[in-house]
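Using this note's numbering, the letters of the sequence shown map in sequence onto residues 36 to 262. So the structure is just underneath, and the comments pick up after that.
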Amino acid sequence: MTQEMQNGERLVPFMGVKILLAGSVLAPRAETELLGNAALALLGGMEGAGLLAIDMCCGSGNLCCGLASAAPQVTFLGADLTDDAVAAARLNVERLGLGERVLIRQGDLFAALDGEAAEGRADLIVCNPPYISTGKLEGESAHLLENEPREAFDGGAFGIAIQQRLVREAPAFLKPGGYLLFEFGAGQERQAVSLLNRTGLYELQDFIRDETGLPRVAVARFKGSSA
Ligand SMILES: C[S@@+](CC[C@H](N)C(=O)[O-])C[C@H]1O[C@@H](n2cnc3c(N)ncnc32)[C@H](O)[C@@H]1O
Numbered sequence: 036m037t038q039e040m041q042n043g044e045r046l047v048p049f050m051g052v053k054i055l056l057a058g059s060v061l062a063p064r065a066e067t068e069l070l071g072n073a074a075l076a077l078l079g080g081m082e083g084a085g086l087l088a089i090d091m092c093c094g095s096g097n098l099c100c101g102l103a104s105a106a107p108q109v110t111f112l113g114a115d116l117t118d119d120a121v122a123a124a125r126l127n128v129e130r131l132g133l134g135e136r137v138l139i140r141q142g143d144l145f146a147a148l149d150g151e152a153a154e155g156r157a158d159l160i161v162c163n164p165p166y167i168s169t170g171k172l173e174g175e176s177a178h179l180l181e182n183e184p185r186e187a188f189d190g191g192a193f194g195i196a197i198q199q200r201l202v203r204e205a206p207a208f209l210k211p212g213g214y215l216l217f218e219f220g221a222g223q224e225r226q227a228v229s230l231l232n233r234t235g236l237y238e239l240q241d242f243i244r245d246e247t248g249l250p251r252v253a254v255a256r257f258k259g260s261s262a
């Protein structure tokens, strides 16, 4: 249950932890737990020490904090573009005592991780990107912008601009056999398959469906760059 604080901040539950929402950040949505739970199941099945996961477009840090709390064997890099998201994510990492295993960086997608020597090291990448088309945001979905930032929603002319870059840029960071999981909008599954297939570098393993049966999360396995 959401807890309202006196200063206008809110505490919201996500994957068993309480995420503080301060500043202009997206409130985590229930459907994003589908992505988090699928990632947690995959991480739980991985062996070896030194597992690394990336939470790209981390917003308030809900995914990396929820996952890090449930998977103490994993180190996380989280990244976001905006000042408010990065500040909120860092605050949540600190509040939840995860500072030794979760590092938050700022920048445009994977450029945020420059200098982290993370290339070729990630066992898993999660991303809940902005995925609503600019046209929809200026029309039928304009209400979303009343209380939450445009950067959290605006996926460009067709809604898939960030997914397209994510799918192209993630292979440089994944280990062969590592996983890329990303959320997409209702009805975007065909575009998601096409983006993944166009690279020739992934095997689509699964679509996770919401409670109404709609596919909302792609689970893809990186075959390796020489595939
Ligand atoms: C849909 S929100 C997801 C936030 C959070 N991960 C969640 O699950 O609630 C998308 C996030 O992507 C960030 N974002 C948008 N464009 C970006 C970019 N080019 N590079 C990094 N982050 C970006 C936004 O600031 C926003 O926090």
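Cβ coordinates follow ideal geometry from the N, Cα and C atoms, glycine included. None of these values were measured; they are calculated from a predicted model.
The beta carbons of Ala124 and Cys93 sit closer together than 8 Å. Listed in chain order, the alpha helix (DSSP H) elements of length 4 or more contained wholly in the stretch 44-97 are 67-79. The closest CA to that of Glu186, considering only Gly142, Pro211 and Met40, is found on Gly142. For Asp119, the three-state secondary structure derived from DSSP is helix. The three-state reading of DSSP puts Gly213 in strand, counting E and B together. Taking all protein chains in view, the Cβ of Gly248 is surrounded by fewer than 16 other Cβ atoms within 10 Å, so the residue is classified as exposed. Here the distance from the Cβ of Thr169 to the nearest heavy atom of ligand 1 is not below 7 Å. For the pair Asn127 and Gly96, the Cα-to-Cα distance works out to about 7 Å.
At least one heavy atom of ligand 1 lies less than 7 Å from the C-beta of Gly94.
Secondary-structure assignment with DSSP links Ala147 through no beta bridge to anything.
The beta carbon of Thr117 sits closer than 7 Å to at least one heavy atom of ligand 1.
With a 10 Å radius around the Cβ and a threshold of 16 neighbouring Cβ atoms, Arg251 comes out buried. Arg251: member of the beta strand (DSSP E) spanning Pro250 to Phe257, first to last residue. When secondary structure is reduced to three states using DSSP, Glu175 falls in the coil class, being assigned neither helix nor strand. Within the same chain, Cβ atoms closer than 6 Å to the Cβ of Gln199 are found at Leu230, the five residues on either side in sequence being excluded. Distance from the CA atom of Gly155 to the CA atom of Ala103, rounded to whole angstroms, is 20 Å. In the structure shown, Arg136 adopts coil according to DSSP, grouped into three states. Distances between the C-beta of Pro48 and the heavy atoms of ligand 1 are all 7 Å or more. Rounded to the nearest angstrom, the Cβ distance from Gly194 to Gln240 is 23 Å, too far for a contact under 8 Å.
Between the C-alpha atoms of Phe219 and Leu180 there is a straight-line separation of about 19 Å. For Ile243, no alpha helix (DSSP H) run applies; the uninterrupted beta strand (DSSP E) run containing it begins and ends at Tyr237 to Arg244, by DSSP. Relative to the Cα of Gly85, the nearest Cα in the group Leu159, Leu61, Ala65 and Thr110 belongs to Thr110. Excluding its 5 nearest sequence neighbours in each direction, Arg136 has C-beta neighbours in its own chain below 8 Å: Ala103, Pro107, Val109, Thr110 and Phe111, listed in chain order. By alpha-carbon distance to Gly190, the top candidate from Pro48, Thr37, Leu116 and Ser168 is Ser168.
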